[in-house]
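Count along the sequence shown starting at 1, add 737, and that's the number in the working numbering. C-beta: ideal position from N, C-alpha, C; glycine also. Keep in mind that this is a model prediction, so the values were computed, not measured. Here is the structure we will look at, set down as structure tokens.
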Amino acid sequence: MNAQWKVLCAEAAADREEWIGLWSASAERHPFAHPDVCSLLRAGEGALTAAVMTVGEGHVLYPFFLREVDAELTGGDRMFDIISPYGYGGPLHWGIADVDAASAQFWRMFDLWAEENSVVSEFSRLTLFTETMLPYQGTTRRRQTNYVRDLSVPADDLGQKVAPKVRSNVRRALREGVTPVIDTEGEFVDDFVRIYTETMERRDSADWYRFERPFFEGIHAALPGQFAYVYAQHEGRLVSADLLLFGSEDGYYFLGGTEAAAFGVRPNDLVKVESMKWLRSQGRRRYVLGGGVTAEDSLERYKRGFALDGAFDYFTGERILSPGRYEELLSAHRRRLADNGLDFDETSDFFPAYRRGAEALSVPSTSTESQPVVRQAAEARS
């Protein structure tokens, strides 16, 4: 198999342009694989990177952050690990005739690159739809249930094949005079920020989730024609909203909220149903509502009400790429915790384990100004 494999670094203008060009030519134009969206969903330090491969007319695109491991653990040697952006990711592929052969080639080249660049481990948040992802080579861990609504049904069924409580709430909203408003340009983004901010404050959400207007402007710039705000309007005021992101076939609930003062008119159930109807009218075949924060929590039960038969398992992927270095880092981390009077949590499944509980140490993040030196390209034949 003749394949071209390389790594793109989004901070380099030419690499970013190549990444966007590859993404733009992809079949799905997956919203969570665009470099600017990945950058917006950065949870911490790391260089935004993508491993890409071209096989004939087919391609692979795998976005991730390359993070430097704390020098206190490495003894001064430069070591790195990988984490994917928030959302649905993994190594996405399209146009490949022999997926198994391409997968073997991709991972072989990836592991060579990882070894040359002292990459110790990898944590990836995986897409729900395995038909668009290369087979993952590491350990997969089921995290929670996500709900996906099939949109390839008659339009009238979208509002009927939901939980009885949803139907009741939609009828209540309509009786109260609530009407839907669709915004595909971001015209009413200030209203969305107002609603969303109130919701996050009411829920006492972590700071990372408290996005402001520049974040949403970044979404608009990265995904023109691939986002929509679905609002509920009551008595001339926008009171509830969901932000949808979508590719060629699949739509995703991204962020949303409701004013507490509007709870009585049940606006968000109407927003969800109208979101499904609108996505269907735009030719999308699935709507990913996501899941809860924890298994069987109220948020998961709420989303289940819109996709009664649409349960999907959501997995993350884990790989130890350098077992010897991994164990050395873990031993050093255990010692560091003990030196600070802290216990290592043996019951947690947090990966990589050498970062488990590190937030309790108040260790400053490694600067991203000094970016890792990486082998940029490889051409392989087999």
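Burial state of Leu-798 is buried, judged by a 10 Å Cβ sphere holding 16 or more other Cβ atoms.
The three-state secondary structure of Arg-1022, taken from DSSP, is coil. Between Gly-984 and Arg-766, the beta carbon gap of about 5 Å places them in contact (Cβ cut-off 8 Å).
Closest in alpha carbon position to Phe-929, among Phe-991, Thr-876, Ala-943 and Pro-901, is Phe-991. Boundaries of the alpha helix (DSSP H) around Lys-1040: 1035 to 1041. The beta-carbon separation of Leu-777 and Ile-932, rounded to 19 Å, does not stay under the 8 Å limit for a contact.
Annotation: Glu-748 to Ala-784 spans about 8 Å, alpha carbon to alpha carbon. With fewer than 16 other Cβ atoms inside 10 Å of its own Cβ, Lys-902 counts as exposed. Contact between the region 942 to 959 and the region 882 to 897 is absent: fewer than three C-beta pairs spanning the two stretches fall below 8 Å. Taking the Cα positions, Val-1010 is about 27 Å away from Glu-868. For a cut-off of 8 Å, the C-beta gap from Leu-863 to Gly-824 is around 10 Å, too long to register as a contact. CA-CA distance, Gln-741 to Glu-782, rounds to 29 Å. Nearest to Asp-1046 by C-alpha distance, out of Ala-958, Ala-841 and Val-899, is Val-899. Look at the region 842 to 877 and you find these whole runs of beta strand (DSSP E), each 3 residues long or longer: 856 to 862. About 6 Å separates the CB atoms of Arg-879 and Phe-1052; that is less than 8 Å, so the two are in contact.
At least 7 Å separates the beta-carbon of Leu-1067 from that of Tyr-1039. Looking at the DSSP output, Val-797 bridges to Met-790 and His-830. Judged by DSSP in its simplified three-state form, Pro-1004 adopts helix. A distance below 7 Å separates the beta carbons of Asp-979 and Gly-993.
Apart from the 5 residues on each side of it in sequence, Gln-963 sits with its Cβ closer than 8 Å to the Cβ of Arg-766, Pro-768, Leu-982, Phe-983 and Gly-984 in its chain, given in chain order.
For His-971, there is no enclosing alpha helix (DSSP H); the residue is found in the beta strand (DSSP E) stretching over 964 to 971. Sixteen is the threshold: when 16 or more other Cβ atoms of the shown chains lie within 10 Å of the Cβ of Asn-883, as they do, the residue is buried. The Cβ-Cβ distance between Thr-786 and Cys-746 falls below 7 Å.
In terms of Cβ geometry, Tyr-966 and Leu-975 do not form a close pair [threshold 7 Å]. The beta carbons of Pro-872 and Ser-840 sit closer together than 7 Å.
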